[in-house]
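Trainee: Chains as they are written, first to last, in my numbering: chain A, 1 to 762; chain B, 1001 to 1104; chain C, 2001 to 2506. For every residue, glycine included, the Cβ atom is placed at its ideal position computed from N, Cα and C. Before we start, here is the structure in question, set down as structure tokens.
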Amino acid sequence: MENFFNLVPLVVLIPLAGMLINLFAGKHLGERGVGIVGAGASALTFFVAVLLWIAQVNTGYKAAVVDMPLLADWITIPSANVTIPWAFRVDTLSVTMMLVVTGVGTLIHIYAIGYMHGDERFPRFFVYMNMFLLFMLILVTGNNFLMMFVGWEGVGLCSYLLIGFWFDKPKGVGWRNSDAARKAFIVNRVGDFGLVLGVLITFWTFGTLDFYHPGEEPIAHHAEAAEEPRLFVPPIPQEEKAHQPEGPLGVFNQAEVWLEEGGHKVDFGMVSLSFETTLTLITLLFLLGATGKSAQIPLFVWLPDAMAGPTPVSALIHAATMVTAGVYMMVRANVFYHAAELTSFVVAVIGATTALVAGFIAVGQWDIKRVLAYSTVSQLGFMVAAVGVGAYAAAMFHLVTHACFKALLFLGSGSVIHGMEHGHHHVTHGHPSHLDDDFDPQDMRFMGGLKERMPVTYWTYLFGTLALAGIIPFAGFWSKDEILLDSLKAGVNKGLLGGYIAFVLLLTAAAFTAFYMWRQVSLIFLGKPRHAAAAHAEESARVMTVPLIILAALSLLIGFINVPGGFPILDWILGKHQFTSFLEHSVTYAHAGTFNFLLATFAVLLALGAIYLARSVYSEPVLATLRRDPLEVDPRTQRGFALANAKLYWDEFYFTYIVYPYRNAAYWLAQEVDWRFWHDYVHNRLIRDPFNAATAVLTWRVDKGLIDRAFDGLGWLTRRVGQRLRTIQTGYVHMYALSVLFGALLVMFLILVPLIRDWLGL
Amino acid sequence: MGSSGVSIELYVLLSAVLFIMGTIGVLLRRNAILVFMSVELMLNAANLALVAFARQWAGGDGHLMVFFVMTVAAAEVAVGLALIVAIFRTKKSIDIDNLHLFKE
Amino acid sequence: MEDISLVTVVFMLPLVGLVLMLLFARTEQGYRWGALVTSLVTFGVSLLLLRNFDTGVSGLQMVQKVDWITADSFTIRYYVGVDGISIWLVMLTTFIMPLAILASFNPIKDRVRLYYLFMVLMEWAMLGVFVAQDLFLFYIFWEVTLVPMYFLIGIWGAEDRIYAAVKFFLYTMAGSLLMLLAILWLGNKAGTFSLPDILAKLETGELSFSTNTARWLFLAFGIAFAIKVPMWPLHSWLPDAHVQAPTAGSVILAGVLLKMGTYGFVRFNLPLFPEASKTFAPYVAVLAVIGIIYGAWVSYGQKDVKKLVAYSSISHLGFVMLGLFALNPAGIQGGILQMVNHGISTGGLFLLVGVLYERRHTKLMSAFGGIWRAMPLYSGIALVIVLSSMGLPGLNGFVGEFTILLGSAGSSVLSWWFTFFAAIGIILAAVYMLYMFNTVFMGALDKEENKRLPDLNWQELWSLVPILVMVFVIGLQAGYFFKFMDGSVQELVDQVNTYVMTAAGQ
């Protein structure tokens, strides 16, 4: 059974194979072939994940570290003691993520075969989807932070490619799509900046980036003893866990040891800090990364724009999986977050605030996918807040349930959009008149009455809504309730301020959630169709509706994997917090929640109340004539609605204060500073021109003017002297004779004078 | 040889007078042939001086030099007269004032 | 006469090829293929270098040492060899040249013979720089590389090529002159110009500098190298050179020539002047980080795609300089690996630009848009190379960047702020790269001229494929590459740290 763990590289290799097949042979396979390869790869990977899960269960939940065959050695620098391998980790946490990613992923792949039907880049879509699976699975199975980061940025890449999938739609839509893609990547990179810094500090603190080394088990810190066995969950004998392998520990166990010892100092390079401070730094930086990837304040702005991509993309990447990477990472690092109280407070506040703000914005949106996008941001806020109050199991639980019902809602919205498009096509017979230019198949104002036209979509959507709103017995109730309870308990029992804040904000957010979801259901499905397109909408093909049904079933049932202790009857039938127990083996600080009847009832009633409020606001008469949202009309809610509709001007703020200044500064730097000043002025005018001027002076004035002239002058002088002297040559012989005579006399004189002088005695 | 007769100074004086007359002739005469005659005069004046001194002190050397001078003078006159004839043929005149082809 | 070492063989092969081409190649085709074959053979033989390299040895390997000029007070030798620091740069040179030559087949249409002669000469000169262990020999080849590049830019370049070529030549040479002075002084003082001998003398104490002298020497060498890297603010020659140079010229310039500067720092400044290196490290790091951010920021403000890539080089090499002056194994090895990575990625980027330029004869990004639809194969390759340049994890650029940051984070001479600001470069790189990619490749294919652009031909394709391969290989298995560097870098770091202790007594 343990050998099954060696199958884990397959979770990466199978999507890779699917991707490559579709990349190189996609054109020849036809839509069916491509779809089978793509969805098949996903399904096969799911199957492997199930095998890994079974293997986990049957081997007592021992974790396994499996090296990537052939390629294990990734970054090794012996002299710097850097060893970062390609190694996979199979433990309950990674298996959970694998199952979610591949399970929901497969359903979405199948759905996409129908949704993308007829698209000219059909094969390319599935290449990207498989590539996404590849990177996401690297992310969740990596045994060290750097491998996780490969997956982390890799899914960012796939997000970029898939959001910008329709990059060349006409009339500027293509540009908008590609801009949205770019925005997603860059905003994510801001988060990645934080993550990288965190990883750097982690390395220097611990000397390794490995979560746990092979054979190492998390040092357990169970508050309560393991529960009695249910289903497939045998307890772990405490003694077994005490045996750790010799040698250096992975980061988490090492951290535990140092925290236990206390007073450990971290010294590297020019840095010297206490271990606790270091942990706070690391966790804060990781939080920055998480706010990018999981779309929290302040880096959530990319997610709504990401809706430009095809709906299956929104479902898979921007609801179920990629965006949960931040939550996964923080849960994986629960040892760190548990110890870093300050950061946990910040995490809780950010998560809860995001949940509320996003929920608020969602109320004012008209685009069907935008509502869901902000809803996702809001639900991620729930998960992040759960991490912040130390409810790691609750966060993961909500991750799982949310993946199911949010994917369901997105796929349902895709079905609606398809229906609207078909209806519109049907009505205009393929010749859209310019009178209909503002028709948008995604704008809920054009919808209405789809309950009759698209029943399967309606009912599954309803399931999703109820799950999201947290109505018992749907999945969302269980997970959301656990988060609420845990945050309250964190406040009450442990005196954590973050707990109180989180509780209040999350509760409010839950109310908003129920409200905007029912608003959406009313606008889309209830009442009468408000546009011809809606009146002629058709239910979607089976390839699309079957996944919807499956997900709807999951939305109802999946909550039961983690029934809290204390819930009457069900906890006995289904076993208490099975999922938490499952997680406990790899998430040290996961703790089981109990059931609080009062809180649960209050939460459900709150949600029902919000739904009832939505029902009354969006009543039949209002729906029939909807031109403007009733909230827009009502003077009490006018300002609020406008703010929500305008997304709190968050994007505008970023553009005005960050994006445009950066870009204008870039132009200024490029043209004025670097080119006109530094390049032209300093180099050309200050350096080159004086040099050229000096050269010119030397060439013309000195060399030609003076030196040349001097030598020219010499030549001239010689000629003139010659000219003058030549006049002696008269040609007259007797003149020559005279000069000969003179010369002779002179010589005689010179010879005779001394003699005469002698002779005269002078 | 005896020292009777004319003293050496007189010979030198005569030689000098002749020489000066020759020089003046060279400088002032216009006819080329007369210039040549003056040159001959100068040369012979030098010969006279040479012979006088040779008789007095030098012995055969002086006489020898005279012969050289005479020979050279003769050769030179031959050449010079030939040149004059040639010049006369072209210029129809041997007035040296008109002969300045070598003027610069 | 001792045996001929493999290094000499590899080094001289281009010269042999040059001579053969001069003698036997008659036609333009002959010169093209002659050059290509020469460079491929050189690459093949250089692979033997890899095979024969002993990763356990930290010093010079496959050395060839022959006395050349001897005088009473000094000796100049033909002294070549490779060690962990230079082996990958030699490989980079032999790897890039065939690609550059292949990519020139179609674009270069006049004075073809002269062009390929210069290319082969260039390879010889560049190899000389990386294998030379004698200061004088190094200097000779350092200057020799200027000449063919000057002509490559000046003859086959764009409109303002003369200005760019002259500027490139003079700017680089001005810096080199200071280095020459330093070399002459050093060689005379040490009695030899051979680097290993000088280092040995420094170690035994036979030769020593006062702290101030060492610092001046460091600066003298440093200025020459800084201009070459190019470090901010001595970078102004680079945009001109790149924009005006022909495609292959840019590939070689960015791919190899710029590395000569960074190589110079790690080969000379660090081991010869360790105390000065430590003292100046923060200042160098300041310039490096400014280069990272400034280069990325200014890249974003460009309209000409070649200029954009030129400024991105400044940004990337800022990372390299930061890594080198972290003065620890992670930083230096990351720096060296990133030198190779930058050569591959940016060389690839210039090849990509060349492809578009060949078709439309413009480098303005606004002239394009929607290219992905028109040229899918090209766009796919372009995506990978752009991502590599941007440092996507899993590809080569990331490994280098991360290792460098790792080094600077743990550096004992650089404060943590350097790492912080350098990491911002990660964000900025995505900004300008995606801006370029989106503008050129995405969006609607609405310009008539772009609609029927042909996709890659075989020369273009095969000049890009090896780059793609290396992008993935280095990205996935960087450990293999680090293995070669480890011994030499460890020794270097030890040297730097030891000397500071002994130099402190001066």
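#1: For the candidate residues A:483, A:349 and A:503, whose alpha-carbon lies nearest to that of residue 580 of chain A?
#2: Under DSSP, the beta strand (DSSP E) around residue 2066 of chain C begins and ends at which residues?
#3: Residue 1096 of chain B touches chain A at which residues, Cβ-Cβ below 8 Å?
#4: Helix, strand or coil for residue 234 of chain A, going by three-state DSSP, please let me know.
#5: What residues of chain C sit near residue 167 of chain A, judged by a beta carbon separation below 9 Å?
#6: Can you tell me whether residue 2237 of chain C is buried or exposed, with buried defined as 16 or more other CB within 10 angstroms of its CB?
#7: Taking beta-carbon pairs under 9 Å, can you tell me which members of the stretch 270-303 of chain A lie near chain C?
#8: Which residue's Cα is closest to the Cα of residue 450 of chain A: A:163, A:108 and A:418?
#9: Residue 296 of chain A: buried (16+ other C-beta within 10 angstroms of its C-beta) or exposed?
#10: For residue 2490 of chain C, collect the residues of the same chain with a Cβ closer than 7 Å to its Cβ; drop the 5 residues on either side in sequence, then sort them by chain order.
#11: In whole angstroms, what separates the C-alpha of residue 547 of chain A from that of residue 270 of chain A?
#12: So what does DSSP say about residue 61 of chain A, is it helix, strand or coil?
#13: Excluding the 5 residues preceding and the 5 following residue 2175 of chain C in the sequence, name in chain order all residues of the same chain whose CB lies nearer than 6 Å to its CB.
#14: Using alpha carbons as the reference points, say which of A:25, A:202, A:396 and A:299 lies closest to residue 589 of chain A.
#15: Taking only the alpha-carbon atoms, compute the straight-line gap between residue 104 of chain A and residue 553 of chain A and give it to the nearest angstrom.
#16: Express the C-alpha separation of residue 2285 of chain C and residue 2019 of chain C in angstroms, rounding to a whole number.
#17: Does residue 503 of chain A pass the burial test, meaning 16 or more other C-beta atoms within 10 Å, or should it be called exposed?
#18: List, in order along the chain, the chain A residues whose C-beta lies closer than 8 Å to that of residue 1027 of chain B?
#19: Between A:541, A:639, A:686 and A:521, which has its C-alpha nearest residue 615 of chain A's C-alpha?
#20: Would you mind sorting residue 709 of chain A into buried or exposed? The rule is 16 or more other CB atoms within 10 Å of its CB.
#21: Give, in chain order, every unbroken run of the alpha helix (DSSP H) that is at least 4 residues long and sits entirely within the stretch 641-669 of chain A.
#22: Output yes if chain C places a C-beta closer than 8 Å to the C-beta of residue 182 of chain A; else output no.
#23: Just checking: is the beta-carbon of residue 306 of chain A within a distance shorter than 8 Å of some beta-carbon in chain C?
#24: Report the neighbours of residue 1102 of chain B on chain A: residues whose CB is nearer than 7 Å to its CB, in chain order.
#25: With a 10 Å radius around its C-beta and 16 neighbouring C-beta atoms as the bar for buried, classify residue 759 of chain A as buried or exposed.
#26: Report yes if the CB atom of residue 151 of chain A is closer than 8 Å to the CB atom of residue 135 of chain A, and no otherwise.
#27: For residue 272 of chain A, which of helix, strand or coil comes out of DSSP?
#28: Do you know how far the Cα of residue 1046 of chain B is from the Cα of residue 1015 of chain B?
#29: Measuring straight from C-alpha to C-alpha, what distance separates residue 183 of chain A and residue 193 of chain A?
#30: What beta strand (DSSP E) runs, 3 residues minimum, are completely inside the stretch 404-449 of chain A?
#31: Give the residues from the stretch 67-85 of chain A that approach chain C closer than 7 Å (Cβ to any Cβ), ordered along the chain.
#32: Would you kindly report the start and end of the unbroken beta strand (DSSP E) that includes residue 2082 of chain C?
#33: Suppose contacts are defined by Cβ-Cβ distances below 8 Å. Is residue 378 of chain A in contact with residue 358 of chain A by that definition?
#34: Using the beta-carbon of each residue, which ones in chain C are nearer than 7 Å to residue 712 of chain A?
#35: Give me the chain C residues within the contact set of residue 679 of chain A, using Cβ-Cβ distance strictly less than 7 Å, ordered along the chain.
#36: Taking C-beta to C-beta, are residue 1026 of chain B and residue 737 of chain A nearer than 8 Å?
Mentor: Let me spell this out:
#1: A:483
#2: 2061-2070
#3: 732, 733 and 734
#4: Residue placement at residue 234 of chain A is poorly supported in this model, since its pLDDT is 45, which falls under 50; the coordinates still yield a value, given next. Of the three classes helix, strand and coil, the one that applies to residue 234 of chain A here is coil, per DSSP.
#5: 2370, 2372, 2373, 2438, 2441, 2442, 2443 and 2444
#6: buried
#7: 270 and 271
#8: A:418
#9: buried
#10: 2058 and 2329
#11: 56 Å
#12: coil
#13: 2223, 2224 and 2227
#14: A:396
#15: 13 Å
#16: 44 Å
#17: buried
#18: 734, 737, 738 and 741
#19: A:521
#20: exposed
#21: 650-654 and 660-667
#22: yes
#23: no
#24: 729 and 731
#25: exposed
#26: yes
#27: strand
#28: 7 Å
#29: 15 Å
#30: none
#31: 71, 73, 74, 75, 76, 77, 78, 79, 80 and 82
#32: 2075-2082
#33: yes
#34: Per Cβ cutoff of 7 Å: no residues; residue 712 of chain A is ~32 Å from chain C at best.
#35: 2236
#36: yes
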